[in-house]
Structures are given as C-alpha cells and as structure tokens.
Ligand SMILES: Nc1ncnc2c1ncn2[C@@H]1O[C@H](COP(=O)(O)OP(=O)(O)OP(=O)(O)O)[C@@H](O)[C@H]1O
Ligand SMILES: [Mg+2]
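Chains as they are written, first to last, in the working numbering: chain A, 1 to 318; chain B, 1001 to 1337.
Okay, structure coming up:
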C-alpha cells in the first residue's frame, strides 16, 4: 500500500481532467446555443431604428418600442393633426407619438397568445391523459393483438404528420373543425399520442406490478390502486412526456398555418405576420418570440426535477 | 380467521403447468407450510388463493364461501410478497396503515394509529416509522412487509418466503415471534419456504409440493418419519436421508421393493455390525460428527457422537435396524411391509 495513493475518488467516477474537458465542452456548446437567445432578447429591447441600423449596433439605448408595437395597433397621422391632440398621457402613448402615430387599439397578439395556451396545454393534457390510460392498459392487461396494436400506434409516427395535411384539411373543412380550438387540440393530441403511449408504457413497465397486487389484496380496487400507487410512481414519466408533448404542440407551425387563420390562430403562424412600416418590425417580432418562449421555459423549469430523472427513460432506479 | 379449501385447482401459463389439480385444506387456526424447490408453483398457489390469478379449473373456498371468481379485495386475505411490495412513495407508517385505511374497513384514526404502533413494536421497527419505504435495509423492508399483513385480521395470512432476506439471528427471532403471534391470534396461515428448518419449526402441517402437484401434506413428524415417497423423504433432515438399492442389503424383501432409505442418525457404528463399510470423510460439527462411508459403491452418511468411533480404523461395521428402514418401489413410491 503506497501512502500517496489517492483513494478519495471512486474508480467509477471520471477523473478531474476529464471532468474539466467535459465542462469546457458543455460551456462552449452552451455559449453557441445561447447566441440566438441573446439576439432575440437584445433586439426585443431595441428601438426600431437601432434594430435595422447598419452597421448593426451591439449596444444601444434600451427601448420598449418593440413591446408597445407588439401589443397595439397604430395609425400614422399628419403633424398638423397630432398638434391638435392633448399631450400623451402614458409612457407608451409617448413612444408611439414620437413616430408620428397614435394608438388605434390593442393588437391581436394577446388573443393569439391565449389560443396558443389553450391549444398547447389542452393538447398536452389530453395526450398525457389518454397516453397514461392506454400505456397502463398495454403494460398490465392481456390485450388481444397487443403487439400489433402497439406497432400500429407507433406506425402513425413513421411518416411526417404533415404528409396527411391535405386529407386533414378537407376533413376539417367538412366537419367545421377548421380554425377551431377543438380541432387543433384534437389534431395535436392525435399526433402526440403515439409518443406519449410509448414513453409512458416504458415508465409504467418499470413499476413492479406487485404494487397493485399488494394494494388489491389490502382492500383496494384496481382503480384506487392506480391512483394511490401507480400514478405517483409514474409522475416522473408523466412530467417528461408532458414536456415533450407541450414542446411539439407549442411549436407546431405547418398545421397551424394551414388550419388556423383567425379564431384559433396560434403564435407560430402569427409572429411572422407582425409587420411594421416598410418591412418587418424586428423589435416587435423579437418581443413576441421572447414571450412565446416563456411558457415552455417556465413549464420545463417547474417539472425539471422530474425531467432530469425522466429523460433517462426510467433507467435510474429509485 | 377462516378455513381455506382449494379443490382440484389448476393453473397454466402458456405451456407451463404452474399448478395442476391441487387440493388441500388449511384449517381454521392452522399453520401450514408449503415446501418445494424453485418453480414448484408455491407462489402461484398463494396468488390463486389471494385472487391475483384466476384458476383455469377447480374451486377455492374461504370460510365455506366459494370465492373462485371473487375480486382480491373481497377475499380479505393478507399477503406478504416474495419481493418488491412496499409502496415506495409512502413512509413506513403509511405503508403499515395503508391496509387499515381501505374503504372496506372503516376504522378511526386512533384505532389505526394504535394498531400500527403495536405492530411496529413487535417487529422492532418503531424508530423507522417516519422513514420512506425506500430508505430501509432489506431486512427492515421485509419486516415492514410482514407488518403490513399483521396489522389486519384477515381470513388467512399468505406469506411467500417472508424471512428469506434476514440474517440468521433475526430470522430465528422472527420465526419464533411469528409462530407466537399465530398461536395468540389463532390465525390461519399458509407459509411458503425453501428452508426445511423453517418448515419443521413452525408448521402444524407441511405440504410438499413439486412441479405443481402436492405430494404429501402431513404434520412435520409424519413427513419426517413416514414419507410417502423418496422425494418427500429427502425433503426434511440434514444430512439427507440415505437411499440405496435394496439388493445391496442382503435381506428378504418383497419383490417390488427397489430402494431402501434410512436416516443418518439411525446408522450405528460398532464392531458387532452386520455390514462392512469404509470411512471416507468425517465432518466435525462439535456435538456430533457426520461420517461419510462407502458401502458397495454407495455413499452412506451417519450422524454419531464424536467419541463413538475410533479415528484410526477406516474399515468398520455398521448396523441399521429394520424398523428404521423405509422401503420404496422403482417409481420411488413407498412400500409398506
Ligand atoms: N406470470 C407468469 N407467466 C408465465 N409463467 C409463470 C408466471 N408465474 C409463474 N410462472 C411459471 O410457473 C411456474 C411456477 O412458478 P411459481 O412462481 O409459482 O414458483 P415458486 O414455487 O414460487 O418458485 P420460487 O421458489 O422460485 O419462488 C414456474 O415455472 C414459473 O416460470
Ligand atoms: Mg415463489
């Protein structure tokens, strides 16, 4: 036994050097991945002129013009007319007035944002809800043609969903589901369901069925055993699945642009249509993008504890 | 507590006959142990009684009521599983209280609390009540699992190797404790084990099970002294019973007798013996010794007092009284003379 041997580190753990290399690579990757975010946030707080100035300004006077433009509709007025108006009462009227405009009313952004929330979270809820029930059944019961059914569920994702766009478009028009919240929730639920059934089945398979056996012998129905024992155990998997489903439903663009235009339009097709004077209003678009990113970030952070374990697909034993 | 009767029950898993045509009764207040090798169908038998498996054929009665089709919760049995059965999201306390909180039993909070604490004390886990079920050692988990059954007063306790992951000392302690509890409560108990010592010390009756069929079910002494087949004879006793071809013994026996068996402690070593044997090895166990001898190409083991043999002499004579011999036919079934 040599006295100088370092035994503080378990042989299974990576060495200090490899840790440092790993950390360096992660920081490098994170910085590159972060550039678009920085651009979005910095542009959101620029004035319209700064945003399109050439050469581009890295640092500029912070301005809320983008946000004001995003939330309002404005009309340009002649200088003579503007002089007849009383001085602006609020800070946002003032920003608008500087550009020789007056606020004509709120924009449609909030309504589109609410649509995204309803459709995104609605579809996530139903994907996870039906996914959990189906996964439980596939995991626990003897079902005729179980493997064929599971393969069928998976096969719905073997071609890109948008390949079915034309039939869905025609079907939705006939059924009056075009441009409706219900239609979009149904569509995203169906697309997400195969992912959610398969993911959750993996998680539920990991939960020993002795738990339900024990609970049923202890005087509970299968239903209450499911709620009392299985559901808490599956929380990790459900959280991970919910995040995947939300990310898809929230970001989906192709179906949204095809099937929604007014009532149920979501943010992805709406944001690129935010037009300012003489071209795109980049600060407003950036502000919209920033707000668009927030719910997924918040949702992910809230479920982070579960997600970290969940992403290993149940490989980590409790 | 109730009598539990199973009648001609069979259960198949695909091609495997896990249990075939099984019939036996566990009387009210009786402690029955099922003893058998791995894969014999012991767990399946318990699961059938609990209603966790549906019998393909046959009937199951609990207290004279036909429960063959009844849901597990309705049968009011308690089950200690072979593995995995503590609810991981609950504390030890809640695990123990869980069966008592079932909607089928309307117990007050105080009643539940008292029962849980009593049982925790009996099983020496009072100080673990607040632990999460996953933060326990294997032995503690097994005790909690045992406790979760003992908090109730079910029709029957079904226990699937509940002592298997405990250390020898605790195992012995709990063996006694369990037997005491069973006697006090007058509990009906069906207990599965691999361990023949566990079986003999606790059972009122032992059921020997092999490949899904029950070979013999009788009190331990009868299983030991009066087995109905070679298989049962070899199940109890350590070292194992000696089984040799009868023709080697040079005795007058009915023609159908093929094998003769005798317990190692019935073999006496002395100069007046009738059979010649040669000592191969001697294992010293302190109070006694296991002597392995070769006898006409067979191995015979004897359990003797250390002073009764001389260490120098390899060639010795042995005697076995005819009354101590058991005879079997060529199917290894018992032949009574
Ligand atoms: N759910 C199942 N599906 C398929 N086969 C099964 C199932 N459960 C048990 N078996 C089979 O039935 C037979 C009896 O199994 P069982 O679990 O009852 O054995 P056991 O006596 O409890 O064994 P052990 O001492 O190893 O626990 C075994 O061959 C086993 O492989
Ligand atoms: Mg078993």
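From the three backbone atoms N, C-alpha and C, an ideal C-beta is built for every residue, glycine too. None of the values given here were measured: they were computed from a predicted structure.
So with CB distances below 8 Å, who are the chain A contacts of residue i?
{"i": "residue 1105/B", "result": "219"}
{"i": "residue 1079/B", "result": "213, 214, 217"}
Below 8 Å on C-beta distance, what does residue i contact in chain B?
{"i": "residue 136/A", "result": "Going along chain B, no residue has its Cβ under 8 Å from residue 136/A, so there is no contact; the nearest lies around 17 Å."}
{"i": "residue 229/A", "result": "1087, 1089"}
Got a sec? Which residues, its chain only, sit under 8 Å from residue i by beta carbon, not counting five neighbours each side?
{"i": "residue 119/A", "result": "181, 184, 185, 188, 249, 264, 266"}
{"i": "residue 1145/B", "result": "1080, 1081, 1085, 1086, 1162"}
{"i": "residue 1210/B", "result": "1036, 1037, 1040, 1231"}
In the DSSP assignment, find the alpha helix (DSSP H) that holds residue i and state where it starts and stops.
{"i": "residue 1329/B", "result": "From DSSP, residue 1329/B is part of no alpha helix (DSSP H); its letter is neither H nor E."}
{"i": "residue 130/A", "result": "109–140"}
{"i": "residue 210/A", "result": "210–217"}
{"i": "residue 1170/B", "result": "1168–1185"}
{"i": "residue 1193/B", "result": "Note, residue 1193/B: premise wrong, no alpha helix (DSSP H); beta strand (DSSP E) at 1189–1193."}
{"i": "residue 224/A", "result": "222–225"}
{"i": "residue 1138/B", "result": "1138–1150"}
{"i": "residue 207/A", "result": "Residue 207/A -> no alpha helix (DSSP H), and no H or E assigned at all."}
{"i": "residue 1349/B", "result": "Residue 1349/B is absent from the structure shown; chain B starts at 1001 and stops at 1337."}
{"i": "residue 246/A", "result": "231–251"}
{"i": "residue 1035/B", "result": "First-last for residue 1035/B: 1031–1035, but that is the beta strand (DSSP E), not the alpha helix (DSSP H)."}
{"i": "residue 174/A", "result": "165–175"}
{"i": "residue 150/A", "result": "146–155"}
{"i": "residue 31/A", "result": "16–44"}
{"i": "residue 95/A", "result": "91–98"}
What does residue i touch in chain A if you count any residue whose Cβ is under 7 Å from its own?
{"i": "residue 1102/B", "result": "218, 219, 220"}
{"i": "residue 1098/B", "result": "218"}
{"i": "residue 1073/B", "result": "216, 219, 220, 221"}
Which two residues bound the contiguous beta strand (DSSP E) that contains residue i?
{"i": "residue 1080/B", "result": "1077–1080"}
{"i": "residue 81/A", "result": "Counting along the chain, residue 81/A falls outside any beta strand (DSSP E), though it belongs to the alpha helix (DSSP H) covering 79–84."}
{"i": "residue 1216/B", "result": "1213–1218"}
{"i": "residue 73/A", "result": "72–76"}
{"i": "residue 1210/B", "result": "1205–1210"}
{"i": "residue 1051/B", "result": "From DSSP, residue 1051/B is part of no beta strand (DSSP E); its letter is neither H nor E."}
{"i": "residue 1298/B", "result": "1298–1304"}
{"i": "residue 104/A", "result": "101–106"}
{"i": "residue 1104/B", "result": "Where residue 1104/B is concerned, there is no enclosing beta strand (DSSP E), given that its DSSP letter is neither H nor E."}
Within a Cβ cutoff of 7 Å, which residues of the same chain sit near residue i, ignoring the five residues on either side of it in sequence?
{"i": "residue 1068/B", "result": "1055, 1059, 1060"}
{"i": "residue 292/A", "result": "267, 271"}
{"i": "residue 1027/B", "result": "1003"}
{"i": "residue 1104/B", "result": "1073"}
{"i": "residue 1/A", "result": "In this prediction, residue 1/A has a pLDDT of 47, which is less than 50 and means its spatial position is unreliable; what the coordinates show is noted afterwards. Closer than 7 Å at the Cβ level, and outside the excluded window around residue 1/A, lies no residue."}
{"i": "residue 1200/B", "result": "1220, 1236"}
{"i": "residue 1204/B", "result": "1030, 1031, 1032, 1219"}
{"i": "residue 1120/B", "result": "1096, 1126, 1129, 1147"}
{"i": "residue 241/A", "result": "128, 131, 196, 199, 200"}
Using a Cβ cut-off of 9 Å, pull out every chain A residue sitting near residue i, in sequence order please.
{"i": "residue 1085/B", "result": "208, 210, 211, 213, 214"}
Kindly list, in the order they appear in chain B, the residues whose Cβ is closer than 7 Å to that of residue i.
{"i": "residue 232/A", "result": "1089"}
Kindly list the residues whose CB is nearer than 6 Å to the CB of residue i, restricted to its own chain and excluding five residues on each side of it in sequence; keep chain order.
{"i": "residue 60/A", "result": "46, 50"}
{"i": "residue 1295/B", "result": "1277"}
{"i": "residue 126/A", "result": "189"}
{"i": "residue 68/A", "result": "92, 95"}
{"i": "residue 1143/B", "result": "1123, 1125"}
{"i": "residue 1212/B", "result": "1017, 1018, 1019, 1020, 1041"}
{"i": "residue 1326/B", "result": "1261"}
{"i": "residue 1228/B", "result": "1216, 1334"}
Name the DSSP beta bridge partners of residue i, please?
{"i": "residue 1276/B", "result": "1317/B"}
{"i": "residue 1261/B", "result": "1243/B, 1326/B"}
{"i": "residue 1005/B", "result": "1025/B, 1061/B"}
{"i": "residue 1291/B", "result": "1282/B, 1302/B"}
{"i": "residue 1012/B", "result": "1017/B"}
{"i": "residue 1230/B", "result": "According to DSSP, residue 1230/B bridges with nothing at all."}
{"i": "residue 1160/B", "result": "1192/B"}
{"i": "residue 275/A", "result": "280/A"}
{"i": "residue 1132/B", "result": "1091/B"}
{"i": "residue 1268/B", "result": "1319/B"}
Examine ligand 4 and report whether any of its heavy atoms sits within less than 7 Å of the Cβ of residue i.
{"i": "residue 1013/B", "result": "No copy of ligand 4 occurs in the structure displayed; its ligands are ligand 1 and ligand 2 alone."}
Please list, in chain order, the residues of the stretch 1160–1176 of chain B that have any C-beta partner in chain A closer than 9 Å. Nothing from the stretch 1160–1176 of chain B brings a Cβ to less than 9 Å from some Cβ of chain A.
Under 9 Å (Cβ pairs) to chain A, residues found in the stretch 1033–1060 of chain B: Within the stretch 1033–1060 of chain B, the residues whose Cβ lies closer than 9 Å to some Cβ of chain A are 1047, 1050, 1051, 1052, listed in chain order.
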